[in-house]
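In what follows, a single structure is set out as C-alpha cells and then discussed.
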Amino acid sequence: MRDGLRVKPYARLTEEQIRRVHAASMLILEDPGVLVGHEEAAGLFNRGGARVKRTATPGLWAVSIPRGMVERALSTAPQVVRLGARDPAHALLLDGRDPCIHFGSGSESNFILDLETSTWVCKDDPAREGIFPTFKKKRGTVADLCRAAHLAENLEHLDFFIRPINIQDEEITEQNKDVNKFFACLDNTSKHVMAGLTDVEQLDHVLHMAEIVAGGRQALQENPVISFITCVVKSPLELVSEATERLLRFCRRRIPVVISSSPQGGSTAPIEELGMVSQINAEILSAVVLSQLAAEGAPVIYGSVPVRARMDNLHDMYGAPEFNQYNIDCVQMARFYGLPCYSTAGVADAKVPGIQSTVEKTLSHLFMAHSGAHLIHYAFGLLEETQTFSLEQAILDNLHIGLVKMICQEPQVNDEAVDRSLAVIRKVMASSIRLFARYTRRKLHAGELFIAYPFEGDSSADTTLLRVKEELERIDSLPAKPLPAEIRERIFREVPGLLERLRQGGATSAYTG
Amino acid sequence: MRKSLAQGIAAGRILVEAISGGMEIVGRKFEQGEYYIPDMLASAEAVGVAMEILAPHLTAAANLKPKGKFILATVEKDQHDIGKNIVGIMLKGAGFQLVDLGVNVPACRIADAIEREGADFVGLSALLDTTMRYMGHTIEELKRRQLRSRVKVLIGGAPTSPEFAREIGADAHCKDAFAAVETANRLAEGRF
Ligand code: B12
Chain A
0 MRDGLRVKPY ARLTEEQIRR VHAASMLILE DPGVLVGHEE AAGLFNRGGA RVKRTATPGL
60 WAVSIPRGMV ERALSTAPQV VRLGARDPAH ALLLDGRDPC IHFGSGSESN FILDLETSTW
120 VCKDDPAREG IFPTFKKKRG TVADLCRAAH LAENLEHLDF FIRPINIQDE EITEQNKDVN
180 KFFACLDNTS KHVMAGLTDV EQLDHVLHMA EIVAGGRQAL QENPVISFIT CVVKSPLELV
240 SEATERLLRF CRRRIPVVIS SSPQGGSTAP IEELGMVSQI NAEILSAVVL SQLAAEGAPV
300 IYGSVPVRAR MDNLHDMYGA PEFNQYNIDC VQMARFYGLP CYSTAGVADA KVPGIQSTVE
360 KTLSHLFMAH SGAHLIHYAF GLLEETQTFS LEQAILDNLH IGLVKMICQE PQVNDEAVDR
420 SLAVIRKVMA SSIRLFARYT RRKLHAGELF IAYPFEGDSS ADTTLLRVKE ELERIDSLPA
480 KPLPAEIRER IFREVPGLLE RLRQGGATSA YTG
Chain B
0 MRKSLAQGIA AGRILVEAIS GGMEIVGRKF EQGEYYIPDM LASAEAVGVA MEILAPHLTA
60 AANLKPKGKF ILATVEKDQH DIGKNIVGIM LKGAGFQLVD LGVNVPACRI ADAIEREGAD
120 FVGLSALLDT TMRYMGHTIE ELKRRQLRSR VKVLIGGAPT SPEFAREIGA DAHCKDAFAA
180 VETANRLAEG RF
C-alpha cells in the first residue's frame, strides 16, 4: 500500500456554509433537476422515485430528484475505495472521511512540448553567448505515452497515473485506441492506472487485459489495477447519453469509477462561488444517485473539476484564484458526504514552463494539497489549459509537489519534542559560539531536511530548465519495468487491436521506435 | 428600438447609426481591453433581437444585403459546444441567418439540413482528435450528394488547423469567433 499524506484540511467553508451549499444543491436537483439523455437511466431514475418527464428534444428527459433519493444513494455508495496497482506496493486506499492526499497526472493533452537547447550569441556583444531552451509543440504518440508512463514510474511524488498525452499515431483508430493506451500505461508503470474510455464497446477488451495483469477476474476485484473516469455531466445539469452508458457499465462491473463534472464558472455554471459549487455538487450527486440505482454499493469517486471561464475568450482557466476557491469547496462537500474525492491542481494557463506556469501551478498544488482531496489529478506537466504536456515540466512539478507535501506534514509537538528542544536551546546558550548547526545533524542525515533547490542556476542566467533536461535524460535511461513476458504474450494473444511495435515491451523500444 | 420606429426615425438610419455604430464602439472597446467576451455576446444578442424587429421596416433601399444562411453543428460523437455557441451568437449578431443543429450531428443530418434550408454556409465544430475526422466525412457526404459546391464550409475547434482544413477540403479554418465572422463576411462578399 502506498501511504498518502494525511493533512489537517483547510476549511474554506464553515459547517453552516457547507449545509447551505448542500441545501441549495438539493433544491437544484428538484427544480430544475437534471436533463438525462439516456433512456435506461431515465427509467432507473423513475423507478427509484424521481419525477421523470419527456422534453421537447427526442431522447432527452427532465428528471427531478427528491432529497430522499440522494440520501439513500449516499448511504450505499462506499466510503472506502481501494485502487490497486500492478505492484501492490503502489495500491491506494481512499477513505471519504480521512483527508489523505495523493497526486496524479492527467489528462489527454493533444500536444507534447519538446524542449530543445541551443547556443545563442549576443547580437550586441558577439563575445557573449549562452545556451537557452526553446520549445516545439508536436502531436502526441504512443511512444510519447510510453515515455511519460516510464517517467511517472520514476517520479517519487506521483501516486497514480492518468495518461497525460493523447495518442494520435496513424494506426490509432477509435476502436483500437483504448486497448493501446491502457497497454502503454500498464506496461510502463507499476502504479495505479486510471483513464476514460474512448469507445465503450472496448470495455470488455480493456477489462480482460486488466484481468490478465491482475491475475484473474477475482484478483482484479481485489486489486483493481485500473479504474475509469467518466465525464457523465455536461454542464449545466445534463447527463449525456454516451457517458451515462459508460457509467452504468462500469458500475455493473464493480470497477471503481470517477464521476466527473467540469463546469466553467462564467460559461457553463454561475461565476459566483456559491452558484458554481451548488451546481457542480448537484451534478455529481445526480450521477452518484444513478450509479447506486444501477448497482448498489458500486465504488464511485466524487470527481469535481470546476474551472473558471477566461473572460477574453471563454476558454477554461486554471490559474485564476477562483479556481482554488471552487475546488476547495468541492473537496469539503465530498468529505461532508463521506465520498472519496478526485480533484485538480497544477494546470498552468501558461504555454511554456516559466515564471507564469510556476506561479499558477504552485498556488493550486499548495491549496489543493491543503484541502485534503484524495486524488489530485492533472498535477504533472500540464500547460496551456491542459492542451499541452511537458515531460520537463512534470519533473519540476514532482519537485514542487514534494515541497508542498513537506509543508503539509503534521507538526511534531509532544513531550519528547519539548524536552529535546529545551535541552538543545540550553546547551547552545551555554556554549561559546551559540550556533545550532551541529544539532541539525540528526535530521540532516535522516534525509528529513530540504537541502537546496536541486535545479538551482548560477548568477548569469536561469539555467533551471537546462538542468531539468539533464534529469529527464537520466530518467529516460533508467531500466524499464515491463510486464512479465508471459503476461505480455497472453495479452497479445487474447486482446485484439494492439500495435505490433508494443509487443517488444519496455519503454525504450517504444520510444526509440 | 420600437420607440425610435414609432417616433418615425427611418429603419435604415437606426441600422447605420445605432446598431452598426454601437457595434463599432463595442468592437473598439474589446480591442482596447475594456470589454470582454460576455460584453461581446450581450451586444451580439442585442443586435440579433434588434434586427428581428427592424427587418420588416427595412426597404431594399436601406442597402441591407442579405449575408446568407449559416448552418452550424458539432460533429458526430462530439458533445463540445461552448465554442460553437459563441460562434453562433457572433454570426447572428453579424447579420447571418443562423440554424444551429446542436451537438453530435451525423454527416447525413447536416447534409439534409443544407438541402432543406438552402444554406450558403456550414460551420463544423470538433474538440476531439477522434471526432475531427467526421468533418472530413461530412464534406465527403456533401460531395456525394452534390451539395459541396453550394456551400462554403468553415471549420473550427482546438484540435483543428488550417492544414487540416486543406487536407479535408474545407474552405476555411477559424481560430476563434472573430475569425469566424471575418471569414464568413469575406466569403459572403464574394458570393452575392
Ligand atoms: C469544456 C470541455 C468539456 C465539457 C464540454 C462542455 C460543453 N458544453 O461544450 C465536457 C465536460 C462535457 C467535456 C467532455 C469531454 N471531454 Co472535453 N474539454 C473541455 C475543455 C476543457 C474546453 C473546451 C472549450 O469549451 N473551450 C472554450 C471554447 C470557447 O473554445 P473552442 O471550443 O476552442 O472554440 C473556439 C474556437 O476553437 C473556434 N471554433 C470552435 N468551433 C468552431 C466552429 C466553427 C464553424 C468555427 C468557424 C470556429 C469554431 O471558435 C471558438 C470561439 O472562439 C477542453 C480543454 C481545452 N482547454 O480545450 C477539453 C477537451 C477538449 N476534452 C477532452 C476530453 C478527452 C473529453 C472527454 C472524452 C472526457 C472523458 N474522459 O469523458 C469528454 C468527451 C465528450 C464527448 N463525446 O464530446 C480533451 C480532448 C482530447 C482529445 N482526445 O482530443 C480536452 C482537450 C481536455 C484534455 N486535455 O484532456 N469536455
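Note that the protein sequences, when read in sequence, are chains A and B. Letter 357 of the first sequence, counting from 1, is numbered 356 in numbering that gives the first Met the number 0, and no numbers are missing. Letter 118 of the second sequence, counting from 1, is numbered 117 in numbering that gives the first Met the number 0, and no numbers are missing. Glycine included, C-beta positions come from ideal geometry on N, C-alpha and C.
Residue 263 (chain A) beta carbon near ligand 1 (any heavy atom closer than 7 Å): For the purposes of this step, residue 263 (chain A) is identified with residue 264 of the first sequence, where counting begins at 1. Relative to ligand 1, the nearest heavy atom lies less than 7 Å away from the CB of residue 263 (chain A).
Does any CB atom of chain A fall closer than 8 Å to the CB of residue 78 (chain B)? Start at 1 with the first residue of the second sequence, and residue 78 (chain B) comes out as number 79. Chain A places a beta carbon closer than 8 Å to that of residue 78 (chain B), counting this residue as a contact.
Can you find a C-beta in chain A that's less than 8 Å from the C-beta of residue 128 (chain B)? For the purposes of this step, residue 128 (chain B) is taken as the residue at position 129 of the second sequence. Cβ-Cβ to chain A under 8 Å: yes for residue 128 (chain B).
Who are residue 99 (chain A)'s beta bridge partners in DSSP? Residue numbering aside, residue 99 (chain A) sits at position 100 when the first sequence is read from its first letter. When DSSP reads this structure, residue 99 (chain A) sits in a beta bridge with A:5.
Considering just the uninterrupted stretch of the alpha helix (DSSP H) at residue 414 (chain A), what are its terminal residues? Reading the first sequence from its first residue, position 415 is the one you call residue 414 (chain A). In the DSSP annotation of this structure, the continuous segment of the alpha helix (DSSP H) that includes residue 414 (chain A) starts and ends at 414–429.
Let me confirm a value: residue 354 (chain A) is counted as buried when at least 16 other C-beta atoms fall within 10 Å, else exposed. Which label applies? For the purposes of this step, residue 354 (chain A) is taken as the residue at position 355 of the first sequence. Looking at its Cβ environment, which holds fewer than 16 other Cβ atoms inside 10 Å, residue 354 (chain A) is exposed.
Please classify residue 404 (chain A): does DSSP put it in a helix, a strand, or coil? For this step, residue 404 (chain A) is matched to residue 405 along the first sequence. In the structure shown, residue 404 (chain A) sits in a helix (DSSP, three-state: H, G or I).
Hey, is residue 147 (chain A) close to ligand 1, as in C-beta under 7 Å from one of its heavy atoms? In the first sequence, the residue the question calls residue 147 (chain A) occupies position 148. False, no ligand heavy atom lies under 7 Å from that Cβ.
Is the segment 276–292 of chain A touching the segment 1–10 of chain B in the sense that three or more CB pairs, one from each, lie closer than 8 Å? Verdict: no, contact absent.
So what does residue 301 (chain A) bridge to, in DSSP terms? Counting from 1 along the first sequence, the entry for residue 301 (chain A) is found at position 302. In the DSSP output, where bridge partners are listed per residue, residue 301 (chain A) has A:258, A:340.
Establish whether the CB of residue 278 (chain A) and some CB of chain B are separated by less than 8 Å. In the first sequence, the residue the question calls residue 278 (chain A) occupies position 279. Taking 8 Å as the CB threshold, residue 278 (chain A) stays off the interface with chain B.
Tell me which residues of the segment 155–185 of chain B have at least one Cβ-Cβ distance to chain A shorter than 7 Å, keeping chain order. So the close ones are 157, 158, 175.
Mind checking if residue 180 (chain A) is an interface residue toward chain B, Cβ cutoff 8 Å exclusive? One-based indexing of the first sequence puts residue 180 (chain A) at position 181. It does not; no Cβ of chain B falls within 8 Å.
Which residues, taken in chain order from the segment 132–150 of chain A, show a beta carbon closer than 7 Å to some beta carbon of chain B? Using a CB distance below 7 Å, no part of the segment 132–150 of chain A faces chain B.
I want to check one thing, is the minimum distance from the CB of residue 76 (chain B) to the heavy atoms of ligand 1 below 7 Å? As a first step, residue 76 (chain B) must be located in the second sequence, where it is residue number 77. Yes, the Cβ of residue 76 (chain B) comes within 7 Å of a heavy atom of ligand 1.
Grouping DSSP H, G and I as helix and E and B as strand, with all else coil, what is residue 131 (chain B)? Locating residue 131 (chain B) in the second sequence gives position 132, where the first residue counts as 1. Residue state for residue 131 (chain B) is assigned as helix, using DSSP reduced to three classes.
Do residue 177 (chain A) and residue 198 (chain A) have their beta-carbon atoms positioned less than 8 Å apart in this structure? For the purposes of this step, residue 198 (chain A) is identified with residue 199 of the first sequence, where counting begins at 1. For the purposes of this step, residue 177 (chain A) is identified with residue 178 of the first sequence, where counting begins at 1. For residue 198 (chain A) and residue 177 (chain A), yes; Cβs fall inside 8 Å.
Compare the C-beta of residue 360 (chain A) against all C-beta atoms of chain B and say whether one is closer than 8 Å. The sequence position of residue 360 (chain A) within the first sequence is 361, counting from 1. Cβ-Cβ to chain B under 8 Å: no for residue 360 (chain A).
For the beta strand (DSSP E) containing residue 128 (chain A), name the first residue and the last one. On the first sequence, position 129 is the one that residue 128 (chain A) refers to. Element bounds for residue 128 (chain A): 128–138.
Skipping 5 residues on each side, what residues in its chain have a beta carbon closer than 8 Å to that of residue 174 (chain B)? Sequence index remark: in the second sequence, residue 174 (chain B) carries index 175 (1-based). Closer than 8 Å at the Cβ level, and outside the excluded window around residue 174 (chain B), lie 155.
C-beta atoms of residue 36 (chain A) and residue 64 (chain A) nearer than 8 Å: Here residue 36 (chain A) refers to the residue found at position 37 when the first sequence is read from its first residue. Here residue 64 (chain A) refers to the residue found at position 65 when the first sequence is read from its first residue. No, the Cβ-Cβ distance between residue 36 (chain A) and residue 64 (chain A) is not below 8 Å.
Taking the beta carbon of residue 13 (chain A) as the centre, do at least 16 other beta carbons fall within 10 Å, making it buried, or is it exposed? Translated into the one-based positions of the first sequence, residue 13 (chain A) becomes position 14. Here residue 13 (chain A) is exposed: its Cβ has fewer than 16 other Cβ atoms, across all protein chains shown, within 10 Å.
Would a C-beta distance cut-off of 8 Å place residue 95 (chain B) and residue 117 (chain B) closer than the cut-off? Here residue 95 (chain B) refers to the residue found at position 96 of the second sequence. Here residue 117 (chain B) refers to the residue found at position 118 of the second sequence. It is not a contact, given that the beta carbons lie outside the stated cut-off.
Compute the distance between the beta-carbons of residue 112 (chain A) and residue 389 (chain A), then report whether it is under 8 Å. Walking along the first sequence from the start, residue 112 (chain A) turns up at place 113. Walking along the first sequence from the start, residue 389 (chain A) turns up at place 390. Cβ atoms of residue 112 (chain A) and residue 389 (chain A): closer than 8 Å.
Name, please, each residue of chain A whose Cβ falls closer than 9 Å to the Cβ of residue 105 (chain B). Here residue 105 (chain B) refers to the residue found at position 106 of the second sequence. Residues of chain A whose Cβ lies closer than 9 Å to the Cβ of residue 105 (chain B) do not exist, since the nearest Cβ in that chain is about 14 Å away.
Taking 7 Å as the cut-off, does the CB of residue 397 (chain A) come closer than this to any heavy atom belonging to ligand 1? Here residue 397 (chain A) refers to the residue found at position 398 of the first sequence. The answer is no for residue 397 (chain A).
Would you kindly work out how many angstroms separate the C-alpha atoms of residue 464 (chain A) and residue 352 (chain A), rounded to a whole number? The residue you call residue 464 (chain A) lines up with position 465 of the first sequence. The residue you call residue 352 (chain A) lines up with position 353 of the first sequence. Going from the Cα of residue 464 (chain A) to the Cα of residue 352 (chain A) covers about 8 Å.
For residue 315 (chain A), which option in A:323, A:306, A:321 has the closest C-alpha, if you only look at C-alpha atoms? Taking the first sequence and counting its residues from 1, the one referred to as residue 315 (chain A) is at position 316. Measuring from the Cα of residue 315 (chain A), the nearest candidate turns out to be A:306.
Taking the C-alpha atoms as reference points, what is the distance between residue 332 (chain A) and residue 180 (chain B)? As a position in the first sequence, residue 332 (chain A) is number 333, starting the count at 1. As a position in the second sequence, residue 180 (chain B) is number 181, starting the count at 1. Straight-line Cα distance between these residues: approximately 42 Å.
Say whether chain A places a C-beta atom closer than 8 Å to the C-beta of residue 133 (chain B). Residue mapping note: residue 133 (chain B) aligns to position 134 of the second sequence, counting from 1. Put simply, the CB of residue 133 (chain B) is far from chain A, with every gap to its CB atoms at 8 Å or more.
Spatial neighbours of residue 512 (chain A) within its chain, please: C-beta separation below 7 Å, excluding the five flanking residues on both sides. Taking the first residue of the first sequence as 1, we reach residue 512 (chain A) at position 513. Bear in mind that the predicted position of residue 512 (chain A) carries a pLDDT of just 40, short of 50, making it unreliable; the figure below should be weighed with that in mind. Around residue 512 (chain A): 142, 500.
Euclidean distance between Cα positions of residue 504 (chain A) and residue 492 (chain A): Indexing the first sequence from 1 puts residue 504 (chain A) at position 505. Indexing the first sequence from 1 puts residue 492 (chain A) at position 493. Residue 504 (chain A) and residue 492 (chain A) have their alpha carbons spaced roughly 15 Å apart.
With respect to the alpha helix (DSSP H) encompassing residue 278 (chain A), which residues constitute its N-terminal and C-terminal limits? The sequence position of residue 278 (chain A) within the first sequence is 279, counting from 1. That run of the alpha helix (DSSP H) goes 272–293.
Determine the closest residue to residue 178 (chain B) out of A:291, A:312, A:83, with distance taken between C-alpha atoms. Counting from 1 along the second sequence, the entry for residue 178 (chain B) is found at position 179. Of A:291, A:312, A:83, the residue nearest in Cα terms is A:312.
Measuring alpha carbon to alpha carbon, tell me which of A:166, A:1, A:187, A:106 ends up nearest residue 150 (chain A). As a first step, residue 150 (chain A) must be located in the first sequence, where it is residue number 151. It is A:187 whose Cα lies nearest to the Cα of residue 150 (chain A).
Kindly indicate which residue of B:162, B:103, B:137 has the alpha-carbon position closest to the one of residue 200 (chain B). Chain B is shown from 0 up to 191; residue 200 (chain B) falls before or after that span and cannot be answered.
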